[in-house]
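Participant:
Number of protein chains: 2
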Amino acid sequence: MDISPRKKKILAAVVDEYIRTAEPVGSKTIAAIADLGCSSATIRNELSELTALGYLEQPHTSAGRIPSPHGYRFYVNELMERQKLSIEETETINQRLNQKMEQLDRLMSDAGRLAGQLTGYPALTLSAPRAATAKRFDLLYIDANTFIIVLLLGNNTVKNKLVHLPFSVEQGQIQKLAALFNAGFTNIPEEEITPVLISATERAARDTMGLTSIIAAYTIEALSQSREGAAFVTGESSLLRQPEFRDPDKAHRVISYLSDSQHLMGLPGKATDDSVRVIIGPENVAEELRDSSVVMASYDAGAGQRGLIGVVGPLRMDYSAVAAKLQYIADGLSRLLGAGEAPAGFGKMILKGDISDDEHGTD
Amino acid sequence: MDISPRKKKILAAVVDEYIRTAEPVGSKTIAAIADLGCSSATIRNELSELTALGYLEQPHTSAGRIPSPHGYRFYVNELMERQKLSIEETETINQRLNQKMEQLDRLMSDAGRLAGQLTGYPALTLSAPRAATAKRFDLLYIDANTFIIVLLLGNNTVKNKLVHLPFSVEQGQIQKLAALFNAGFTNIPEEEITPVLISATERAARDTMGLTSIIAAYTIEALSQSREGAAFVTGESSLLRQPEFRDPDKAHRVISYLSDSQHLMGLPGKATDDSVRVIIGPENVAEELRDSSVVMASYDAGAGQRGLIGVVGPLRMDYSAVAAKLQYIADGLSRLLGAGEAPAGFGKMILKGDISDDEHGTD
DNA sequence: ATTAGCACTCGGAATGTGAGAGTGCCAGCA
DNA sequence: TGCTGGCACTCTCACATTCCGAGTGCTAAT
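Going down the list, the protein sequences come from chains A and B.
Counting in the numbering used here, the first sequence runs from 1 upward without gaps.
Counting in the numbering used here, the second sequence runs from 1001 upward without gaps.
So, in structure tokens, the structure goes:
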């Protein structure tokens, strides 16, 4: 069932105005802002039909109309005009993205922060989980009681761990172990690292001190970590600025839901190939988000992985502006992280590389 | 100027009761709960004197009294009875702490989460910044276009970075660079890594392709990162459950202040050797926290570093319970991370070790 | 010094009132 | 048939008013 062009115009006007003001909008207001050549009375008729069709709601008899979730959906699908970013906005984004990208996780949370600041909503970033394999082992001999495990994973992630031993070990022993692990533990999935394999290696290495187990345990840990993916949320408190979250309980529900990265990982549901996805209120699987909307854009995180960056806000969200901004940021991230083009120059290399992390020793 | 024992008792009663109920407490209530053998009229007199002394305030003429920041301070210093934790509580803490401590930063944020859940307030964890030096360089040759920088810092932190090159390089060249860096860049403070040193090294290595700069730049980055320390906040939204933060604006101010790790790093002010520190409302340096209180406990993070774990809440905080819990958690962390005892066994080693991180490559 | 009694104050809940915005409907008009 | 102006009706919100009770401060008595 199609609805007339005039209805569409009116619906769009209601949504736009409501997004702007957060107040129910009445027939008169619409007559004033949208110049369709007809009076408020006509619009009243149209409004009541739109209400009957389920696109609009009225909080009470003598208030204006507000869009229903259905109305928002229709707006997002058909009415919304793709917004262009201003020069300054694109400038800001480019600058901020290029600024400092030393670490991947830092980059993710920075990009999230950026999205949050630009849109005024809490932002979230997700990196898709993916099973990885070990690609290469290095064991760096530091001294008789200390060595470092450096593990290069299939997704070009490097993990490391400093190991202190309560006994001495020789460099030759370490080297032998590295060779055995490179032979036996590379390019196999996590579940194939079995106790059988480990004890076989242990025997081959004539390792009586449990070094093999240490390295194997760390390998498993590193693999399972890289399988988990990562999630960040920033700017949770900006929700509180939205009138629809003035109720602290409501805000609390949403924010604490967002604080659990378990929840976040499940948020996107199954992937689609839309570049920008909009989930409106009740469309959310999670109970807690049933009166919030989520807008997410996906980006190419390199090494065949995709990541998501998005924001959470009230139903009355400026979908058009938010979508445009997220899209732009996601494109920027894809450009920075994505595969395809060869690294162009020095700066680029530095940008891409890295990560790292700490190891706390005992002494 | 000393105050009478009875005044102390009354003050303690007011604070305890107000902490419990969040309602101004009147003379009658005190007469009922604290059994000093006197009537409400007497207590009224005492109350008005305590008010004159600045320990109490009244929101308005015909309301009960609430503690002033001064009153809280006096309470914390002299009246508060050190609370014991219940068996279950210590159990929970022990369990949760021992559970999984794979990564240092994960451990920090987990401990924060634990503190937050136990106390019901937003929790923060800080690791003290400390200048570090490079202790050892390793450059792992992967293929003609790829190598890994592994950097062992003075505080036994390991950092790494995967570097992709748009040109080829030989293994010998990489080894030569590693030797040069180990000779010239180890055990010197960050600021001595000057362009002069770098270009000297570059010449010595006959490096015409900028490899030296890449490694030096990464070294500087790693050092400055480890100098920055780290800060986490979790459970921000639990502030919203407190009646004094029902005003979304107020809550928003505090939460967004806490979201900035720059702010957090400066929060503790100069260190004291108290094991638990309490900062009450106006004692906070930060404007934004002037009507919140902060309780922090410090722990031994190993390698001569100290960390802080704390919570933020309203003035009306259960200082006694919160302090006890934080203290216990901090002790647990010290036990797990701290220096002193040698690693006892296998599990212990695994616990202490580690960290790691990711590197995103291009292909 | 302590207490009981009492007048007084003040904030908050409850209630009442009015204004305004917006609707729905109807009758007239193109 | 579709649009418009007019009008009565409804409902909420803001504001004013009232009322109640908790709690104080004071005073006089013990």
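Glycine included, every Cβ here is placed at the ideal spot set by N, Cα and C.
A quick note: this is a predicted structure, and the numbers were derived from the prediction, not measured.
Only counting runs of 4 or more residues, tell me where the alpha helix (DSSP H) segments fall wholly within the stretch 1059–1131 of chain B, in order along the chain.
Facilitator: The stretch 1059–1131 of chain B contains these whole alpha helix (DSSP H) runs: 1069–1074, 1087–1099 and 1104–1119.
Participant: Given this structure, state the Cα-to-Cα distance separating alanine 132 of chain A from asparagine 182 of chain A, to the nearest angstrom.
Facilitator: Taking the first sequence and counting its residues from 1, one reaches residue 132 of chain A at position 132. Taking the first sequence and counting its residues from 1, one reaches residue 182 of chain A at position 182. C-alpha separation (whole angstroms): 15 Å.
Participant: For the candidate residues B/Glu1078, B/Val1312 and B/Gly1120, whose alpha-carbon lies nearest to that of lysine 1008 of chain B?
Facilitator: Numbered from its first residue, the second sequence carries residue 1008 of chain B at position 8. Ranking the options by Cα distance to lysine 1008 of chain B, first place goes to B/Glu1078.
Participant: Can you find a C-beta in chain B that's less than 9 Å from the C-beta of lysine 161 of chain A?
Facilitator: Reading the first sequence from its first residue, position 161 is the one you call residue 161 of chain A. It does; some Cβ of chain B falls within 9 Å.
Participant: Counting contacts by CB-CB distance shorter than 9 Å, is isoleucine 1148 of chain B in contact with chain A?
Facilitator: Along the second sequence, read from residue 1 onward, the residue named residue 1148 of chain B stands at position 148. Yes - at least one Cβ of chain A is within 9 Å of the one on isoleucine 1148 of chain B.
Participant: Taking C-beta pairs closer than 8 Å, name the residues in chain A that glutamate 1236 of chain B reaches, listed in chain order.
Facilitator: Here residue 1236 of chain B refers to the residue found at position 236 of the second sequence. By Cβ distance, chain A contributes Glu236, Ser237, Ile255 and Ser259.
Participant: If you draw a straight line from the C-alpha of glycine 1313 of chain B to the C-alpha of glutamate 1283 of chain B, how long is it?
Facilitator: Here the question's residue 1313 of chain B lines up with position 313 in the second sequence. Here the question's residue 1283 of chain B lines up with position 283 in the second sequence. Taking the straight line joining both Cα atoms gives about 14 Å.
Participant: Mind checking if arginine 96 of chain A is an interface residue toward chain B, Cβ cutoff 9 Å exclusive?
Facilitator: Taking the first residue of the first sequence as 1, we reach residue 96 of chain A at position 96. It does not; no Cβ of chain B falls within 9 Å.
Participant: For the candidate residues B/His1263, B/Glu1228 and B/Ile1279, whose alpha-carbon lies nearest to that of arginine 1130 of chain B?
Facilitator: Along the second sequence, read from residue 1 onward, the residue named residue 1130 of chain B stands at position 130. Closest option to arginine 1130 of chain B, Cα to Cα, is B/Glu1228.
Participant: Please decide whether asparagine 1156 of chain B counts as near chain A, where near means a Cβ-Cβ distance under 9 Å.
Facilitator: Here residue 1156 of chain B is taken as the residue at index 156 of the second sequence, counted from 1. Yes, asparagine 1156 of chain B counts as interfacial toward chain A.
Participant: Beta carbon of valine 1364 of chain B, beta carbon of glutamate 1221 of chain B: below 9 Å?
Facilitator: Residue 1364 of chain B is absent from the model: chain B starts at 1001 and stops at 1363.
Participant: Buried or exposed: aspartate 138 of chain A, going by 16 or more other Cβ atoms within 10 Å of its Cβ?
Facilitator: For the purposes of this step, residue 138 of chain A is taken as residue 138 along the first sequence, with counting starting at 1. Aspartate 138 of chain A is buried by the Cβ-count criterion.
Participant: Taking DSSP as the reference, what is the three-state secondary structure of tyrosine 141 of chain A?
Facilitator: By one-based count along the first sequence, residue 141 of chain A stands at place 141. Three-state DSSP puts tyrosine 141 of chain A in a strand.
Participant: From what residue to what residue does the alpha helix (DSSP H) around aspartate 1331 of chain B run?
Facilitator: What you label residue 1331 of chain B is simply residue 331 of the second sequence in a count that begins at 1. Unbroken alpha helix (DSSP H) run through aspartate 1331 of chain B: 1319–1337.
Participant: Is the Cβ-Cβ distance between serine 293 of chain A and isoleucine 279 of chain A less than 9 Å?
Facilitator: Taking the first sequence and counting its residues from 1, one reaches residue 293 of chain A at position 293. Taking the first sequence and counting its residues from 1, one reaches residue 279 of chain A at position 279. Result yes, Cβ atoms of serine 293 of chain A and isoleucine 279 of chain A sit closer than 9 Å.
Participant: Check this for me: beta carbons of glutamate 202 of chain A and threonine 194 of chain A, under 9 Å apart or not?
Facilitator: The residue labelled residue 202 of chain A in the question sits at position 202 within the first sequence. The residue labelled residue 194 of chain A in the question sits at position 194 within the first sequence. Cβ atoms of glutamate 202 of chain A and threonine 194 of chain A: not closer than 9 Å.
Participant: Could one say the Cβ of alanine 1144 of chain B lies closer than 9 Å to chain A's Cβ atoms, at least one of them?
Facilitator: Residue 1144 of chain B sits at position 144 when you count from the first residue of the second sequence. No, its Cβ sits nowhere closer than 9 Å to a Cβ of chain A.
Participant: Can you tell me whether valine 1015 of chain B is helix, strand or coil according to DSSP?
Facilitator: Counting from one through the second sequence, the residue named residue 1015 of chain B turns up at place 15. Note: valine 1015 of chain B maps to helix in three-state DSSP.
Participant: Going by alpha carbons, who is nearest to phenylalanine 1147 of chain B out of B/Arg1136, B/Ala1301 and B/Leu1162?
Facilitator: Along the second sequence, read from residue 1 onward, the residue named residue 1147 of chain B stands at position 147. Ranking B/Arg1136, B/Ala1301 and B/Leu1162 by Cα distance to phenylalanine 1147 of chain B puts B/Leu1162 first.
Participant: What three-state label does DSSP hand arginine 1136 of chain B in the structure shown?
Facilitator: Counted from its first residue, the second sequence places residue 1136 of chain B at position 136. Strand at arginine 1136 of chain B.
Participant: Leaving out five residues on either side along the sequence, give the residues of the same chain with a beta carbon under 6 Å from the beta carbon of tyrosine 75 of chain A.
Facilitator: Sequence index remark: in the first sequence, residue 75 of chain A carries index 75 (1-based). The answer, listed in chain order, is Val15.
Participant: Expressed to the nearest angstrom, what Euclidean distance is found between the alpha-carbon atoms of histidine 263 of chain A and alanine 1200 of chain B?
Facilitator: On the first sequence, position 263 is the one that residue 263 of chain A refers to. On the second sequence, position 200 is the one that residue 1200 of chain B refers to. Going by the C-alpha atoms only, they are around 52 Å apart.
Participant: Residues in the same chain with beta-carbon distance under 6 Å from alanine 1251 of chain B, minus the five sequence neighbours each way, listed in chain order, please.
Facilitator: Taking the first residue of the second sequence as position 1, residue 1251 of chain B is located at position 251. Leu1239, Leu1240 and Phe1245.
Participant: In chain order, what residues of the same chain have a beta carbon less than 8 Å from the beta carbon of isoleucine 1010 of chain B, not counting five sequence neighbours either side?
Facilitator: The residue labelled residue 1010 of chain B in the question sits at position 10 within the second sequence. Cβ within range, chain order: Ile1030, Ala1034, Leu1036, Ile1043, Glu1046, Leu1047 and Leu1050.
Participant: Determine, for isoleucine 1003 of chain B, whether the minimum Cβ-Cβ distance to residues of chain A falls below 9 Å.
Facilitator: Counted from its first residue, the second sequence places residue 1003 of chain B at position 3. Not closer than 9 Å to any Cβ of chain A, the Cβ of isoleucine 1003 of chain B fails to qualify, so no.
Participant: Contact check, leucine 308 of chain A vs threonine 125 of chain A under 8 Å by CB: the rounded distance?
Facilitator: Within the first sequence, numbered from 1, the residue matching residue 308 of chain A stands at position 308. Within the first sequence, numbered from 1, the residue matching residue 125 of chain A stands at position 125. So it is a contact: roughly 7 Å between Cβ atoms.
Participant: Counting C-beta neighbours from all protein chains within 10 Å, is the total for asparagine 156 of chain A 16 or more, i.e. buried, or is it exposed?
Facilitator: Numbered from 1 along the first sequence, position 156 holds the residue referred to as residue 156 of chain A. Burial call: buried.
Participant: What is the DSSP secondary structure of alanine 1286 of chain B, counted as helix, strand or coil?
Facilitator: Here residue 1286 of chain B refers to the residue found at position 286 of the second sequence. Of the three classes helix, strand and coil, the one that applies to alanine 1286 of chain B here is coil, per DSSP.
Participant: From the DSSP output, read off the bridge partner residues of lysine 1159 of chain B.
Facilitator: The residue given as residue 1159 of chain B occupies position 159 in the second sequence. BP columns for lysine 1159 of chain B point to B/Leu1151.
Participant: Could you check the C-alpha separation between serine 1004 of chain B and isoleucine 1066 of chain B for me, to the nearest Å?
Facilitator: Residue numbering aside, residue 1004 of chain B sits at position 4 when the second sequence is read from its first letter. Residue numbering aside, residue 1066 of chain B sits at position 66 when the second sequence is read from its first letter. Spanning the two alpha carbons is a distance of roughly 19 Å.
Participant: Would you say aspartate 373 of chain A reaches chain B, if we count a Cβ-Cβ gap shorter than 9 Å as a contact?
Facilitator: Here chain A comprises residues numbered 1 to 363, so residue 373 of chain A is not present and cannot be evaluated.
Participant: So for proline 1248 of chain B, helix, strand or coil by DSSP?
Facilitator: Translated into the one-based positions of the second sequence, residue 1248 of chain B becomes position 248. It is helical.
Participant: Quick one: grab the DSSP three-state call for arginine 227 of chain A.
Facilitator: Counted from its first residue, the first sequence places residue 227 of chain A at position 227. If DSSP states are grouped into helix, strand and coil, arginine 227 of chain A belongs with the helices.
Participant: Once DSSP output is grouped into helix, strand and coil, what is the label at threonine 1201 of chain B?
Facilitator: Residue 1201 of chain B sits at position 201 when you count from the first residue of the second sequence. Helix, per DSSP.
Participant: I'd like the list of long-range same chain contacts for tyrosine 1299 of chain B, defined as Cβ closer than 6 Å, with 5 residues on each side in sequence excluded.
Facilitator: To locate residue 1299 of chain B, count along the second sequence from 1; it is residue 299. Gly1307, Ala1330, Leu1333 and Ser1334, listed in sequence order.
Participant: So proline 374 of chain A contacts chain B; which residues on that side make the cut at Cβ distance below 8 Å?
Facilitator: A query on residue 374 of chain A cannot be resolved here, the shown segment of chain A reaching from 1 to 363 and no further.
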